[in-house]
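Undergrad:
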Amino acid sequence: MRPKIYVFGDSITEMSFEDGGWGVSLADHFRRTADVVLRGFSGYNTRWGLRIIDKAFPAEQGGGAPLAVTVFFGANDACVPDRCSSFQHVPVDEYKQNLRSIVSFFKKQWPTVHVILITPPPIYEPARLLYPYGENNSGLPERTYEAAGTYAKACLAVAAELGIPSVDLWTKVQEVPDWQTACLSDGLHLSRAGNAIVFKEVVDVLKKLGSSVETLRVDFPLIDDIDPNDPLKSFENLKN
850 MRPKIYVFGD
860 SITEMSFEDG
870 GWGVSLADHF
880 RRTADVVLRG
890 FSGYNTRWGL
900 RIIDKAFPAE
910 QGGGAPLAVT
920 VFFGANDACV
930 PDRCSSFQHV
940 PVDEYKQNLR
950 SIVSFFKKQW
960 PTVHVILITP
970 PPIYEPARLL
980 YPYGENNSGL
990 PERTYEAAGT
1000 YAKACLAVAA
1010 ELGIPSVDLW
1020 TKVQEVPDWQ
1030 TACLSDGLHL
1040 SRAGNAIVFK
1050 EVVDVLKKLG
1060 SSVETLRVDF
1070 PLIDDIDPND
1080 PLKSFENLKN
């Protein structure tokens, strides 16, 4: 059975299967070697993610453990508590504990799985004023650059504490000139360039963990390996 890579998170994960998204790029990159499975939930924070995790990831019978799971929360947890998206806010200490619980769930269910934490991206506040969630009469962005940075650091701290890999998207995005508009489409969600960063970073982490298109087995015979004089011979003795 072809192994799986799950992508779990909020809208930045849910939207990763749109044209040019990082999830689509992963699925294309690992075609014939691994299935990339979407578990993105727009608007969710870590608190809500924990509420649905056992339903979103039921124990598979005979399917084996997935290769990896990306965990990409924080943009909603970091909403400012007294502004228009306050219902999504999760205090940073709870955010850290929720990440620990999410990782623990996956490790308990699949002891061999690699869990990769991804930090929230930086926020471009002027753009957030143009794309508020619901009605915003305060004239203040519901998310801030500073708050997102705090949660990004918290995410990296949890990864270091647990000894698991991470992607510092907060820093990587800001290495791009004019990142505010080059990497973000609305001050929060990723543009094509932003999606490309996530894709590259996740592929690089997976490669370091030993899961790459060079090391993973291609399932079933490739067309170039099929003998045109005896095509069916290539399908004998297929391994499970």
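Under the working numbering, the letters of the sequence shown match residues 850 to 1089, in that order.
Heads up, the beta-carbon is just placed ideally off N, CA and C, and yes, glycines get one too.
(1) Flag this pair as yes or no: are the beta carbons of Val1022 and Gly1043 separated by less than 9 Å?
(2) In this structure, does DSSP put Tyr980 in helix, strand or coil?
(3) Across the stretch 884-896 and the stretch 852-870, are there enough close Cβ pairs to call them in contact, namely three or more that are closer than 8 Å?
(4) Taking DSSP's pairing of strands, which residues face Asp1033 in a bridge?
(5) Contact check, Val1051 vs Thr919 under 8 Å by CB: the rounded distance?
(6) The alpha helix (DSSP H) spanning Phe954 covers which residue range?
(7) What residues are listed by DSSP as bridge partners for Lys1049?
(8) Ordered along the chain, which non-local residues of its own chain (more than five positions away) have a Cβ less than 6 Å from that of Arg1041?
(9) Among Leu1055, Pro1080, Phe1084, which residue has its Cα nearest to the Cα of Phe1069?
(10) Closest to Leu1071 by CA distance: which of Phe866, Ala876, Arg880, Val856 is it?
(11) Locate the alpha helix (DSSP H) running through Gly898, then write down its first and last residues.
(12) If I measure Cβ to Cβ from Pro852 and keep anything under 6 Å in the same chain, skipping five residues before and after, which residues do I get?
(13) Could you give the C-beta distance for Pro1006 and Pro969, rounded to a whole number, given that I count them as a contact under 8 Å?
(14) Identify every residue that forms a DSSP beta bridge with Phe921.
(15) Which partner residues of Gly1096 appear in the DSSP bridge assignment?
(16) Applying the 10 Å Cβ sphere with the 16-neighbour rule, what's the burial state of Lys904?
(17) Provide the residue span of the alpha helix (DSSP H) that contains Leu1018, from first to last.
(18) Relative to the C-alpha of Asp1035, which candidate in Ile972, Gly988, Gly913 has its C-alpha closest?
(19) For the putative contact between Glu974 and Tyr994, defined by C-beta atoms under 8 Å, what is the C-beta separation to the nearest angstrom?
(20) Note down the Cα distance separating His938 from Thr1064, rounded to an integer number of angstroms.
(21) Ignore the nearest five residues each way along the sequence and tell me which others in Tyr855's own chain have a CB closer than 6 Å to its CB.
TA: Based on what the coordinates show:
(1) yes
(2) coil
(3) Taking 8 Å as the limit for Cβ pairs, the verdict is that the stretch 852-870 does touch the stretch 884-896.
(4) Reading off the sequence shown, one finds Leu at residue 1033, where the question assumed Asp. Paired residue(s): Leu1039.
(5) That pair is a contact at about 6 Å.
(6) 941-958
(7) Looking at the DSSP assignment, Lys1049 forms no beta bridge with any residue, so it has no partner.
(8) Gly869
(9) Phe1084
(10) Arg880
(11) 895-905
(12) Ala883, Leu916
(13) Correcting the residue identity first, residue 1006 is Ala in this sequence and not Pro. Contact doesn't hold; Cβ gap of about 14 Å is too wide.
(14) Gly858
(15) Residue 1096 is absent from the structure shown; the chain starts at 850 and stops at 1089.
(16) Here Lys904 is exposed. Its C-beta has fewer than 16 other C-beta atoms within 10 Å.
(17) 1018-1023
(18) Comparing Cα-Cα distances from Asp1035 to each of Ile972, Gly988, Gly913, the minimum goes to Ile972.
(19) 6 Å
(20) Here the alpha carbon of His938 sits roughly 41 Å from the alpha carbon of Thr1064.
(21) Same-chain partners within the cutoff: Val886, Arg888, Pro915, Val918.
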